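Before any comments, here is the structure.
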Amino acid sequence: MPKLRGEAFWRETLRGAHYVVAPMVDQSELAWRLLSRRHGAQLCYTPMLHAQVFLRDANYRRENLYGEACPEDRPLIVQFCANDPEVFVQAALLAQDYCDAVDLNLGCPQMIAKRGHYGAFLQEEWDLLQRMILLANEKLSVPITCKIRVFPDIDKTVKYAQMLEKAGCQLLTVHGRTKEQKGPLAGVASWEHIQAVRKAVNIPVFANGNIQCLSDVEECIRKTGVHGVMSAEGNLHNPALFEGRNPLVWEMAEEYLEIVRKYPCPLSYVRAHLFKLWHHTLQVYQQLREELAKVKTLEGIVDVNRELKLRCQPNMQNVINVETLRFLYTAIPIQGNKCVFNMCRGCCKKRAFKEVADCPGHGLLFKTKYEKSFSWQQSQRGIQTPEISQRGDAEVGETAVLKEAGDSTG
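Taken in order, the sequence shown gives residues 1 to 410; the numbers are from full-length UniProt numbering.
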């Protein structure tokens, strides 16, 4: 059967994937990929693998690919970093039976990539890249893809992408940041660069950068015209991102830990994932942060997650429609604000507006403003101001009384 290319490869082999989990060192392991797939991800990448190590070390191959075969984990793209055409192709030949495509990492901006002379530090060596992709395209039975970073200049970025396409790249992922944009200097990814590349090439393009929620995905596709959108940091904080949900953090952790039981991975990976998942809650519960850092077993991590759940439960009794909240911490009422509804400000504002009520604790004066406005309008007509609905007053009054009673016993 001939090797599928370009649009046909994306449409048939990758099943027209729009929602993509990025290759992440020590983070996009099998257990995390399965969790992400169960919550909307349609395509996943392995962590970046070193082609030279993969070629010479059987244990490395088994730990990172061979020992992880799982029918649920497809379609799958294996990513390599390399700077030698022969080494890259020989490593890819050992991996091609376990994946749907092989990706060449041309986007890693870290110092380790500079020292190893790979990733984004090859982006000026076009002759070398052409030879690597031409040889891989010739020898492999699966398509070759590339993940790149942009140049500051859009025109140069477009020519770079066209060169890779001409050499045989069948799908291009464009991270809209330069190699200098990293860490505290990351800044905002340029969707303009991505849009220009999409218009200039005839192969599928994935966008990467500025993706934190499902609406970002939809906006990116609309603005750039790309085939799919890749998420890294957003996915780590919320593996249900592509579902458009923000589940309770301990529920995601419970599900992930169950998958890890079946498909084990180093405990350091698990700990790193939970630090990301629990980022906002650990700002409140510092002791649990310390316990997570010290724990030595998977069961110990399960216990920490259980404790986190128990500590958060008292704060959940006043949450209305948790699924609509962007982050769990926004649902926790600010203690001492004397809210008549005992809610956070966002929820209080919605209820007070709906019921035309006041909440002095949050500085909301919907009822007062309504009465003043109504009074002024009626005074212009010489009509006496009627009282606001007794039902609304009764409800708000009762709520305030209950709140005061609760405060006095707390």
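Heads up, the beta-carbon is just placed ideally off N, CA and C, and yes, glycines get one too.
As the structure is a computational prediction, the values presented were derived from the model and not from experiment.
Do residue i and residue j have their CB atoms nearer than 8 Å?
i           : j      : result
residue 478 : Ile154 : As displayed, the chain neither begins before 1 nor continues past 410, which places residue 478 out of reach and without an answer.
Val25       : Tyr45  : no
Tyr269      : Leu30  : no
Gln27       : Leu236 : yes
Leu122      : Ile259 : no
Cys169      : Ile144 : yes
Val304      : Leu288 : yes
Pro85       : Leu164 : no
Val205      : His227 : yes
Asp100      : Ile77  : yes
Val142      : Gln96  : yes
Tyr285      : Arg311 : yes
Leu298      : Leu274 : no
Tyr98       : Tyr60  : no
Met48       : Pro75  : no
Leu93       : Leu128 : no
residue 481 : Gly234 : Any property of residue 481 remains undetermined from this structure, which presents the chain solely from 1 to 410.
Cys146      : Leu104 : yes
Asn210      : Met230 : no
Could you pull out every residue in the same chain whose Cβ sits closer than 6 Å to the Cβ of residue i, ignoring the five residues on either side in sequence?
i      : result
Lys179 : Pro109, Ala120 and Arg149
Ala51  : Phe80, Ala82, Val87, Phe88 and Ala91
Ala41  : Tyr19, Val21 and Phe242
Lys190 : Note on residue identity: the sequence assigns Ser, not Lys, to residue 190. Only Gly176 meet the Cβ criterion.
Trp278 : Val249
Met265 : Correcting the residue type first, residue 265 is Cys in the shown sequence and not Met. The answer, listed in chain order, is Glu29 and Ala31.
Ala352 : Cys359, Leu364 and Phe366
Ala167 : Gln130, Ile133 and Leu134
Phe151 : Thr157
Tyr256 : Leu35
Gly244 : Leu214
Ala240 : His39 and Pro247
Arg5   : Gln170
Arg271 : none
Beta-carbon within less than 7 Å of residue i's beta-carbon, same chain only, minus the 5 sequence neighbours each way: which residues are those?
i      : result
Phe327 : Caution applies to Phe327, whose pLDDT of 49 falls short of 50 and renders its modelled position unreliable; the model cannot decide the point.
Arg33  : Val21, Cys44 and Asp73
Gln313 : none
Glu7   : Pro204
Gly16  : Trp10
The beta strand (DSSP E) spanning residue i covers which residue range?
i      : result
Cys146 : Ile144 to Arg149
Ile301 : No beta strand (DSSP E) holds Ile301; the alpha helix (DSSP H) holding it covers Leu298 to Cys312.
Val78  : Leu76 to Cys81
Cys44  : Leu43 to Tyr45
For residue i, I'd like the list of residues in its chain whose CB is within less than 8 Å of its CB, leaving aside the five on either flank, ordered along the chain.
i           : result
Ser389      : Confidence is the limiting factor: at Ser389 the pLDDT is only 45, short of 50, which leaves the residue's position unreliable and the question unanswerable from this model.
residue 463 : Outside the displayed range of the chain (1 to 410) lies residue 463, so it cannot be described from this structure.
Leu55       : Val87, Gln90, Ala91 and Leu94
According to DSSP, is residue i helix, strand or coil?
i      : result
Ala331 : Since pLDDT at Ala331 reaches only 44, below the 50 mark, its modelled position is unreliable, and no value is offered.
Thr13  : helix
Ile203 : coil
Asn342 : coil
Ala101 : strand
Gln181 : coil
Leu122 : helix
Val174 : strand
Cys359 : strand
Leu364 : strand
Gly187 : coil
Asn208 : strand
Met24  : coil
Met111 : helix
Met132 : helix
Gly116 : helix
Leu4   : coil
Leu106 : strand
Could you check where the alpha helix (DSSP H) with residue i kicks off and where it finishes?
i      : result
Phe54  : Ala51 to Arg56
Gly234 : Glu233 to His237
Tyr19  : Element bounds for Tyr19: not the alpha helix (DSSP H) but the beta strand (DSSP E), Tyr19 to Val21.
His252 : What sits at residue 252 in the sequence shown is Met, not His. Per DSSP, Met252 belongs to the alpha helix (DSSP H) from Val249 to Lys262.
Pro85  : Pro85 to Ala95
Lys156 : Ile154 to Ala167
Ala31  : Leu30 to Arg37
Gln286 : Gln286 to Lys294
Val226 : That residue, Val226, is in no alpha helix (DSSP H); it is neither H nor E in DSSP.
Ala272 : Leu267 to Leu277
Spell out a yes or no on whether the segment 67-76 and the segment 110-119 are touching, meaning 3 or more CB-CB pairs, one atom from each, closer than 8 Å. Touching, no.
Report yes or no: do the segment 211-229 and the segment 151-166 share at least 3 C-beta pairs separated by less than 8 Å? The segment 211-229, when compared against the segment 151-166, does not touch it at the 8 Å Cβ threshold.
Could you say if the segment 1-18 and the segment 248-256 meet the contact criterion of at least three C-beta pairs nearer than 8 Å? Too few Cβ pairs lie closer than 8 Å, so no.
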